[in-house]
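> Residue numbers (the numbering used here): 1 to 460.
Even for Gly, the Cβ is constructed at its ideal location relative to N, Cα and C.
Below is the structure I would like to discuss, written out as structure tokens.
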Amino acid sequence: MLKDIRRLHFIGIGGYGMSALARVLLHLGYAISGSDLKQSEITEKLALQGAKIYYGHEAQNLGEAQLVVYSTAIPEDNPEIKASKAKGLPIWHRSELLAHFLNGRYGIAIAGAHGKTTTTSMVALVLTHGGLDPTAFIGGVLADFDGNARMGDSHFLVAEADESDYSFLRYRPNIAVVTNIEADHLEHYEDDFSKLLEAYRGFLSNIKPDGSAILNADDSHLPAMHPGHVANIITYGRRPGANFRPSNEEVVGWGTRFTVLQDDDRLGQITLRVPGEHNVDNALATVAVANQIGIPFDRIKTGLEMFRGAKRRFQFLYQQDRVAVVDDYAHHPTEVRATLKAARFGKPSRVIAVFQPHRYNRTHLFMDEFARSFSGADKVFLHKIYSAGEKPIPGVTSAELARRMREYGTDVTQIDDSSDLVEAVLEAVRPGDLVLNMGAGDITEICHTMAKKLSERKDA
1 MLKDIRRLHF
11 IGIGGYGMSA
21 LARVLLHLGY
31 AISGSDLKQS
41 EITEKLALQG
51 AKIYYGHEAQ
61 NLGEAQLVVY
71 STAIPEDNPE
81 IKASKAKGLP
91 IWHRSELLAH
101 FLNGRYGIAI
111 AGAHGKTTTT
121 SMVALVLTHG
131 GLDPTAFIGG
141 VLADFDGNAR
151 MGDSHFLVAE
161 ADESDYSFLR
171 YRPNIAVVTN
181 IEADHLEHYE
191 DDFSKLLEAY
201 RGFLSNIKPD
211 GSAILNADDS
221 HLPAMHPGHV
231 ANIITYGRRP
241 GANFRPSNEE
251 VVGWGTRFTV
261 LQDDDRLGQI
271 TLRVPGEHNV
281 DNALATVAVA
291 NQIGIPFDRI
301 KTGLEMFRGA
311 KRRFQFLYQQ
321 DRVAVVDDYA
331 HHPTEVRATL
341 KAARFGKPSR
351 VIAVFQPHRY
361 NRTHLFMDEF
371 ARSFSGADKV
381 FLHKIYSAGE
391 KPIPGVTSAE
401 LARRMREYGT
411 DVTQIDDSSD
421 LVEAVLEAVR
431 PGDLVLNMGA
441 GDITEICHTM
451 AKKLSERKDA
């Protein structure tokens with residue numbers, strides 16, 4: 001596959017996308033090393049699999065690497081990038097390596113502003129239950145695979161396609177799914193939404209001619225993007241005329257039961273373990289993919305009903321004494337609204353939202369939308385902005401977001417210190433509450449601390 005290459009070094013190996021590639025290459029027998037700024041569960045698992053892990057970025061970390069892989073988060077002045085250039089080593093973006101895997105197989109690439117990780121996970125699990133033994137690269141941890149990657153022996157490959165930086169234009173899939181399009185990551189598109197739309201058109205134009213485009217019929221941007229060269233254009237959603245639609249939706253505990261319709265035919269009933277209308281949409285996209293490949297509906301049903309969710313996608317960390325603590329990756333207003341709506345499925349007395357804004361640019365772009373997106377919460381605790389390496393923007397602060405939220409009638413408390421935030425939330429919690437932690441930064445660590453303290457309080 002990688003001719004004459006046996007040793008690869010990953011700069012930023014602790015990221016989900018990077019570590020998934022490293023895991024599969026380790027399985028294939030390659031010598032893998034990598035660096036990251038801090039130790040994590042991901043890096044520890046990679047070390048146990050045989051990877052050489054370095055903490056911090058230093059030129060000597062390259063060792064005897066023959067190929068260097070980096071992610072978008074790595075700047076050009078990174079010492080390992082500079083040393084790689086000085087040595088004349090080939091340097092690949094993460095997406096180039098993923099394209100090397102995907103483009104030579106029956107590739108299924110899943111893109112979209114929201115739902116990529118869950119849909120990729122569902123598709124990978126359904127293909128596995130369908131007996132197709134796929135390889136999968138997932139942008140999150142799936143309990144069923146004990147990680148974010150799966151190495152299969154077949155020619156099927158499922159991968160999350162990241163639209164945030166044009167990198168998904170490298171992929172040549174047999175099936176491409178687009179879950180939805182929103183104005184996010186515009187800093188990579190010159191703050192021009194039309195350029196993002198054009199990138200999606202490019203992604204769809206790269207589908208192999210005998211392949212399939214599977215598109216969300218409810219998204220306002222996708223109807224105009226049907227690629228003319230593709231053999232099959234399949235739609236899903238609630239809009240009349242969509243090829244795959246749900247009917248008779250009902251809440252069942254923390255999940256949803258619904259009937260799948262394909263055009264005029266009733267395929268059957270599915271009961272998901274995960275909450276929210278957005279997860280019904282993700283499941284419909286999965287049904288469309290699996291149906292196109294030829295997996296029988298009973299196998300599709302089994303796979304989806306076995307799906308327990310991906311890590312940080314409405315993940316319960318604590319459920320005792322009528323109090324629940326949930327960790328979720330939602331970091332965009334649309335995701336916040338959908339996740340708050342899903343939080344009502346279990347009929348909690350109150351939903352307490354704990355939110356950490358992610359990136360100054362995103363907070364600036366969606367400040368008013370964020371302020372209006374928390375109407376589904378009874379109480380909000382707002383943490384300081386997680387910069388993700390960005391420089392602050394004057395006037396873009398959590399305090400300003402809290403001020404605007406109050407203008408819309410939201411009960412919000414803004415706390416910068418992590419320890420103070422945990423204590424304030426725990427003091428506010430009472431039986432019947434669901435504490436919903438949301439964000440793409442280190443809010444997950446705060447959430448785990450809350451769950452741990454609640455457990456300790458119960459055991460005391």
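May I ask you to list the residues that DSSP assigns as paired with Phe258?
In DSSP, Phe258 forms a bridge with Ile270.
> From Arg406 to Ser84, what does the alpha carbon distance come to, in whole angstroms?
Rounded to the nearest angstrom, the two C-alpha atoms are 51 angstroms apart.
> Would you report the Cα separation of Ile53 and Pro75, rounded to the nearest angstrom?
Taking the straight line from one Cα to the other gives about 20 angstroms.
> Check for me: the alpha helix (DSSP H) holding Pro333 runs from which residue to which?
It spans Pro333 to Ala342 - the alpha helix (DSSP H) in which Pro333 sits, taken as one unbroken run.
> Closest to Met306 by C-alpha separation, out of Gly17, Ile446, Val126 and Pro90, would be which residue?
The option with the nearest alpha carbon to Met306 is Val126.
> Can you check whether the CB of Leu157 is closer than 7 angstroms to the CB of Leu67?
No, they are not a contact pair.
> Helix, strand or coil for Asp368 per DSSP?
Three-state result, Asp368: helix.
> Between Met18, Arg245 and Asn279, which lies nearest to Gly140 when the distance is taken from Cα to Cα?
It is Met18 whose Cα lies nearest to the Cα of Gly140.
> Tell me, to the nearest whole angstrom, how far the beta carbon of Ala20 is from that of Ile138; I am working on the premise that it is less than 8 angstroms.
Confirmed, about 6 angstroms.
> Looking at C-alpha atoms only, which residue of Asp264, Thr235 and Tyr106 is the closest neighbour of Thr179?
Out of Asp264, Thr235 and Tyr106, Thr235 has the C-alpha closest to the C-alpha of Thr179.
> Are the CB atoms of Thr135 and Met151 nearer to each other than 7 angstroms?
Closer than 7 angstroms, so yes.
> Within its chain, find whatever has a CB closer than 6 angstroms to the CB of Ser167; leave out the 5 residues flanking it on each side and keep chain order.
Around Ser167: Ser95.
> Ordered along the chain, which non-local residues of its own chain (more than five positions away) have a Cβ less than 7 angstroms from that of Glu160?
Correct list, in chain order: Ile110, Lys116, Thr117, Thr120, Phe137, Ile138 and Gly139.
> Tell whether a beta-carbon distance below 7 angstroms holds between Ser373 and Val336.
Yes, the pair counts as a contact, with Cβ atoms nearer than the cut-off.
> Are the region 370 to 390 and the region 403 to 418 touching, with three or more C-beta to C-beta distances below 8 angstroms?
Contact between the region 370 to 390 and the region 403 to 418 is present, because at least three Cβ pairs lie under 8 angstroms.
> Taking the continuous alpha helix (DSSP H) assigned at His100, which residues delimit it?
Arg94 to Leu102 is the extent of the alpha helix (DSSP H) around His100.
> For the region 316 to 327 against the region 291 to 308, do three or more pairs of beta-carbon atoms, one drawn from each stretch, fall closer than 8 angstroms, so that the two count as touching?
These segments do not touch.
> Taking the alpha helix (DSSP H) that Met122 falls in, what are its first and last residues?
Run containing Met122: Lys116 to His129, per the alpha helix (DSSP H) assignment.
> With distances taken between CB atoms, is the gap from Gly268 to Ala338 smaller than 7 angstroms?
Taking 7 angstroms as the Cβ cut-off, Gly268 and Ala338 do not qualify as a contacting pair.
> Quick check on the DSSP output: what are the complete beta strand (DSSP E) runs of length 3 or more inside the region 207 to 268, in order along the chain?
Segments of the beta strand (DSSP E) lying fully in the region 207 to 268: 212 to 216, 232 to 236, 244 to 252 and 255 to 262.
> For Ala149, which residues of its own chain have a beta-carbon under 6 angstroms away from its beta-carbon, when the five flanking residues on both sides are left out?
So the qualifying residues of the chain are Ala20, Arg23, Val24 and Phe137.
> Residues in the same chain with beta-carbon distance under 7 angstroms from Lys384, minus the five sequence neighbours each way, listed in chain order, please.
Taken in chain order, the residues that qualify are Ser398 and Asp416.
> Please report the Cβ distance between Asn361 and Glu187, rounded to the nearest whole angstrom; I am assuming they are in contact, meaning their Cβ atoms lie under 8 angstroms.
With 8 angstroms as the limit, Asn361 and Glu187 qualify as a contact, their Cβ atoms being about 5 angstroms apart.
> What runs of the alpha helix (DSSP H), each 4 residues or longer, lie entirely inside the region 152 to 186?
With a minimum length of 4 residues, no continuous alpha helix (DSSP H) run stays inside the region 152 to 186.
> Can you check which of these residues, Ala65, Leu132 and Leu2, is closest to Ala99 by C-alpha distance?
Checking every option, the nearest Cα to that of Ala99 belongs to Leu2.
> Smallest Cα separation from Val123: which of Gly439, Ser349 and Val287?
If we check each option's Cα against that of Val123, Val287 comes out closest.
> Which class does Phe193 belong to by DSSP, given the choice of helix, strand or coil?
Helix.
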